[in-house]
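Worksheet: one structure, shown below.
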Amino acid sequence: MFTVNHTRPATGAGRISKVETLSLGTSWRDFSYVRITTSEGLSGVGEITHPYRGVETCALARGMAERHLIGADPFDTEEIWLRMYQGDFLRGGDVGGIVVSGVDQALHDIQGKYLGVPVYRLIGGACRDEVPVYANGWYTGARTPERFAELARETVARGYSALKLDPFGAGSGELSRSERRLSIDLIAAVREAVGPEVELFVEGHARFVVHEAVKIAEALEPYDIGWFEEPLPWTHITRYPDVRARTSIPISGGEHFHNRYEYAPLFENNAVNIVQPDLSMVGGYTEMRKIAALAEMHSMVVAPHNSNSPFCTTATVHAAAATPNFKILETFDSLLEPYVFEALRGCLPIRNGRAPLPTAPGIGIELDDDVFAEHPPTGGFWNMFVPGWELRNR
């Protein structure tokens, strides 16, 4: 199982013959991709963006090619997934999980192109006619109620009916009284600015100890919050139920986990109400389907995390379309430079806070190598545990 089988008959799509990586620099972060080509000339793309370790994900993808991909049939997704995961023996953590995810996306892209159907047709078909999304990253600038309210109104005016924000600055562990008041005042100002019909999600970024998370949740109760995301570090997953028991606000999380095995403690502890797998971190389509099914079995809904590029947005729309217990998808797309969409030709448009069902075969996006060459990676880094991180100007 851990060696490519060259004797088994391959499909007409051919065998994997080449694996490339490309990276694109932006003001948000460097976006990275793997492109897989078959002996029949078909190619598929997957996203392997890591916030700060793009060099490592690209290097591992090329290494995986030699060990596990060259000569394989791109339709053997389950076997290839297992070969990458177990065949490297040490599994790979976040970098390994991202590479497995991107390769799995690229294989599904090839399959859809070969069969002439969008990827969502390969993973269950459509459960809905369009996919609702929410805006994140819109709250750049001064951390004041007035500024957050202004930006929230502008974002809603662009058609979004759901917003997410982290109001907590550089807070970690416990907040001072003044910092806690400011954080809640920011939420109050946004709620007043957008009215009662707009959904608000609050991001905790796994920052707090239990009693602080409970204080914050209690203070958020009047503002009709859709979820409180990652209130605790995942090193304290067994304490998540203590927060859930003290609030009516749904608790969400799961973006940090890279496969069903890492997700197991989340389900075993009933840690959240809403699971948030990231298609480019959790193991691609092959693994996201399994996690969504486990979530459904535990009476949980799925709200995919997506802080990556518009490629990941479009790729995740396929997964969302085919997931019965899907809730809403995250996006940063509206904040990116126009050349990003030139580099990623075929991204789905987002209008009035919704994405349409894809119609192109595969994922539907092709990379423009010339635009990538014009915008090389920058290696930028911003630390969300230092004051002013929300300015995103580092």
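Position in the sequence shown (first residue = 1) + 33 = the working numbering. Just so you know, even glycine gets a beta-carbon here, dropped at the ideal spot from N, CA and C. The structure presented is a predicted model; accordingly, all values stated were derived computationally and were not measured.
Within its own chain, the residues whose Cβ lies closer than 7 angstroms to the Cβ of F108, once the five positions on either side in sequence are excluded, are T44, A46, Q144, listed in chain order. Membership of F234 in the beta strand (DSSP E) is indicated by the continuous run 232-236.
Nearest neighbour of G317 by Cα position, chosen from F290, F374, V373, P165, turns out to be F290. Going by DSSP, T54 is part of no alpha helix (DSSP H) but of the beta strand (DSSP E) stretching over 49-57. Here E288 carries a coil assignment [DSSP, helix/strand/coil]. Annotation for Y118: the continuous alpha helix (DSSP H) segment containing it runs 110-120.
Beta-bridge partners of A168 (DSSP): L196, T364. Ranked by how close their Cα comes to the Cα of R384, the residues E80, E111, G174, T188 have T188 in first place. In the structure shown, V37 adopts coil according to DSSP, grouped into three states.
Rounded to the nearest whole angstrom, the C-alpha separation of L155 and H141 is 8 angstroms. Scanning the region 267-347 from its first residue to its last, the whole beta strand (DSSP E) runs of 3-plus residues come out as 284-286.
A residue is called buried once 16 or more other Cβ atoms fall within 10 Å of its Cβ, and N416, having fewer, is exposed. Residue state for V67 is assigned as strand, using DSSP reduced to three classes. With respect to the 8 angstroms criterion, D127 and T319 are not classified as neighbours on the basis of their beta carbons.
Per DSSP, reduced to three states, the secondary structure at G77 is strand.
The straight-line gap separating the alpha-carbon atoms of L198 and A406 is approximately 33 angstroms.
Counted as a single uninterrupted DSSP element, the stretch harbouring F261 is not any alpha helix (DSSP H) but the beta strand (DSSP E) occupying residues 260-262.
Looking at T54, T36, R41, S134, the one whose alpha-carbon comes closest to that of P410 is T54. The beta-carbon separation of P200 and V235, rounded to 7 angstroms, stays under the 8 angstroms limit for a contact.
For R100, no alpha helix (DSSP H) encloses it, and the DSSP letter there is neither H nor E. Distances from the alpha-carbon of Q309 to those of A328, G286, R293 put G286 closest.
For P382, no alpha helix (DSSP H) run applies, since DSSP gives it neither H nor E.
Under DSSP, S72 forms no beta bridge with any residue.
Residue environment: T71 is assigned as buried (16 or more neighbouring CB atoms within 10 Å of its CB, all protein chains considered). In this structure, the straight-line span from the alpha carbon of I249 to that of E111 is close to 42 angstroms. Pairing E212 with G204, the inter-Cα distance amounts to about 8 angstroms.
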